[in-house]
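J.:
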Amino acid sequence: MFEYQNTTCFSKLSPNTSRLYITSQNYVRRFIKKEYNRTDYYLQELDYSFVLRFDNFLRLIKSNTHKGNLQHNAVMKHIEVPPFVRQFLA
Numbered sequence: 000m001f002e003y004q005n006t007t008c009f010s011k012l013s014p015n016t017s018r019l020y021i022t023s024q025n026y027v028r029r030f031i032k033k034e035y036n037r038t039d040y041y042l043q044e045l046d047y048s049f050v051l052r053f054d055n056f057l058r059l060i061k062s063n064t065h066k067g068n069l070q071h072n073a074v075m076k077h078i079e080v081p082p083f084v085r086q087f088l089a
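When you line the sequence shown up against numbering that gives the first Met the number 0, it's residues 0 to 89, in that order.
1) How many Å lie between T22 and F30 at the Cα?
2) Between the segment 30–40 and the segment 50–59, can you find at least three pairs of beta-carbon atoms closer than 8 Å?
3) In angstroms, rounded to a whole number, what distance separates the CA positions of Y40 and P14?
4) With 8 Å as the threshold, decide whether the Cβ of D54 is near any Cβ in chain B.
5) With a threshold of 16 other CB atoms inside 10 Å of the CB of L45, please say whether the residue is buried or exposed.
6) Does DSSP put S13 in a helix, in a strand, or in coil?
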């Protein structure tokens with residue numbers, strides 16, 4: 000999914016959006032490695048438990064720009080499903 004996004008969508012995104020996508024991808028990869036000891040996770044395996052666990056994982060990450068952990072809005076930006084992904088989940 001990330002490869003598809005990076006090759007087909009990045010040229011259409013603003014630099015700030017691209018930066019956020021890359022950061023989100025890195026968080027997802029770290030989460031999957033930590034929680035599931037894997038390097039990949041299939042879309043059909045996604046469920047509500049995955050989202051809750053990822054939310055908790057994000058809330059424990061130390062922010063690079065602020066003191067303390069990621070705040071609610073930052074967490075939601077990383078959890079939000081980009082429109083191009085929705086086509087694969089339907």
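Every residue gets a Cβ at the ideal spot worked out from N, C-alpha and C, and that includes glycine.
T.: Concretely, from the data shown:
1) In the sequence shown, residue 22 corresponds to position 23, counting from 1. In the sequence shown, residue 30 corresponds to position 31, counting from 1. Taking the straight line from one Cα to the other gives about 12 Å.
2) yes
3) Along the sequence shown, read from residue 1 onward, the residue named residue 40 stands at position 41. Along the sequence shown, read from residue 1 onward, the residue named residue 14 stands at position 15. Each residue's Cα considered, the two are about 27 Å apart.
4) Looking for chain B here will not work: only one protein chain is present.
5) Taking the sequence shown and counting its residues from 1, the one referred to as residue 45 is at position 46. Under this definition L45 is an exposed residue.
6) Position 14 of the sequence shown holds residue 13. DSSP, reduced to helix, strand and coil, places S13 outside both helices and strands of the structure shown, so it counts as coil.
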